[in-house]
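The block underneath contains the structure these notes are about, expressed in structure tokens.
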Amino acid sequence: MRTEINKFGYLQPTSVSDAVSLLTQYGGSARAISGGTDLLYQMKNQLTLLTPTTVVDISQLGLNQVAYSSSNGLTIGATTNITTVKNDPNVNQYYGALASAASGHTVQIANQATVGGNINQEVWCWYLRNNYDCWRNGGNVCYAIVGDNRYYHSLFGGNLCYAVHPSDLSPALTALGATLTVQGPGGSHTLTMEQFLPGVSIVDGRVKENSLRYNEIVTQINIPTPAAGAQQAYFRIADRTAIDFPLASCAVVATFNGTNVASAKIVLGHVATKPIRASSAESFLSGKELTEANIATAAQNAIEGATPLTHESLGANGLGQGNGFRTYILAGAVTNALRSLQSASPGVQPLVSTNPITV
Ligand SMILES: Cc1cc2nc3c(=O)[nH]c(=O)nc-3n(C[C@H](O)[C@H](O)[C@H](O)COP(=O)(O)OP(=O)(O)OC[C@H]3O[C@@H](n4cnc5c(N)ncnc54)[C@H](O)[C@@H]3O)c2cc1C
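Using our numbering, the letters of the sequence shown correspond one by one to residues 59 to 417.
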């Protein structure tokens with residue numbers, strides 16, 4: 059692993075259109091920098107394809123406000139830091155899944171990292187981050203398919219690269235129906251989270267999981283007002299309680315008819331190259347009470363279709379080689395997210411809280 063940052067150019071525009079013009083002018087050798095918690099890490103490790111020669115600082119574009127109205131919902135400027143989102147009273151009152159997802163960081167990272175950076179962060183695959191010549195780094199192999207793939211690799215297949223999308227905010231934003239305002243050289247347009255994160259593909263000659271072009275910037279995240287009476291949860295399970303990405307996570311937004319689920323949107327995080335809907339669990343729960351038995355069936359439905367990666371040298375452990383053990387962790391994340399909803403039947407309690415990190 060390299061530990062030095064090479065000399066680089068630094069530009070600090072004060073308007074979105076100037077930032078887009080600069081990124082266009084540098085034609086892919088420049089990248090936007092927001093909080094820098096991910097990009098500087100990539101530059102420090104001198105990742106072959108991902109180290110820019112120039113950074114365009116987007117922190118002074120006036121994109122750091124959070125606003126809420128009952129008619130328009132929530133808008134979050136892309137350079138708002140995660141602490142601001144976590145502490146915002148409207149986020150806590152109306153968007154509990156997002157408040158919870160924003161609580162998974164250490165204080166230090168949350169104070170510096172921004173919402174736009176969080177959803178745009180590069181994968182944390184240990185092969186890429188150690189500068190292996192994998193697909194994302196200019197090579198033509200995914201080392202996770204043949205190497206150790208226990209932690210940060212997909213349970214639900216992949217295309218070229220099998221690293222999971224790492225963001226905690228993305229599953230919650232997907233469940234909440236968020237859209238992104240994106241500014242490029244041709245003006246601004248709107249993307250749903252599903253359009254923004256289609257899974258791994260080649261964009262501007264690079265293997266990546268989001269659809270943003272090299273000269274586009276996310277300026278705003280927009281979340282509609284939740285339906286009356288909607289209940290939400292986000293539950294993450296990590297190996298350690300501090301400074302760790304989840305092994306699996308689940309965001310749920312549900313509406314109820316009395317004590318029965320009217321509709322449920324269940325989004326699985328950290329188990330695929332994008333946040334994925336657990337459609338069969340959603341259909342199963344429709345019209346049913348959130349009893350312990352129904353929650354258990356929904357959790358089983360959610361892990362149907364998982365195709366864990368194997369890795370022979372890790373040896374058989376009864377749970378499947380490679381990353382198969384994480385299907386059980388995923389079922390646990392779904393179970394606890396559903397148990398956390400207020401309409402869960404009496405006696406159904408989450409096993410542990412999402413335990414916001416306070417170090
Ligand atoms: C020790 C550590 C622990 C972490 N743990 C977690 C965790 O548990 N959960 C989790 O979700 N994340 C975790 N992260 C990742 C962290 O959340 C991201 O590094 C951070 O959110 C990135 O935001 P940033 O503003 O620093 O982005 P930057 O580092 O500035 O940028 C990251 C990438 O996003 C692009 N970018 C940034 N803003 C925009 C924008 N508005 N439009 C277009 N592109 C943009 C940049 O060009 C760059 O490619 C962790 C990181 C570290 C270092």
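Think of the CB as a built atom: it goes at the ideal place given N, C-alpha and C, for glycine as much as any other residue. Since we're looking at a predicted model, the values are computed, not measured.
Item	Value
Measuring straight from C-alpha to C-alpha, what distance separates Q289 and T133?	20 Å
Are there 16 or more other CB atoms within 10 angstroms of the CB of P284, so buried, or fewer, so exposed?	buried
Using the Cα positions of P147 and G205, report the straight-line distance between them to the nearest angstrom.	45 Å
If you draw a straight line from the C-alpha of G245 to the C-alpha of I116, how long is it?	17 Å
Rounded to whole angstroms, what is the Cα-Cα separation between G216 and H328?	13 Å
Is it the case that the CB of D297 approaches a heavy atom of ligand 1 more closely than 7 Å?	no
By alpha-carbon positions, which one of S337, G85, S87 and H247 ends up nearest to A360?	S337
Give me the residue from F66, P333 and G85 with the minimum Cα distance to D262.	G85
Give every residue of the same chain whose Cβ lies closer than 6 Å to the Cβ of H247, excluding the five residues on either side of it in the sequence, and list them in chain order.	V240
Is S307 near R294, with beta carbons less than 8 Å apart?	yes
Quick one: give me the first and last residue of the alpha helix (DSSP H) that T317 is part of.	Where T317 is concerned, there is no enclosing alpha helix (DSSP H), given that its DSSP letter is neither H nor E.
Spell out the partners DSSP gives F293 in its beta bridges.	C308
What whole-angstrom Cβ distance do Q170 and G93 have, given they're in contact under 8 Å?	4 Å
Nearest-angstrom Cα distance between Y152 and S128?	10 Å
Thinking N176 and L234 are a contact (beta carbons under 8 Å), I'd like their distance in whole angstroms, please.	About 15 Å; that fails the 8 Å criterion.
Confirm the yes/no value for this check: CB of H223, any heavy atom of ligand 1, distance under 7 Å.	no
From the DSSP output, in three-state form, read off I260 for me.	strand
Would you report the Cα separation of G382 and H369, rounded to the nearest angstrom?	10 Å
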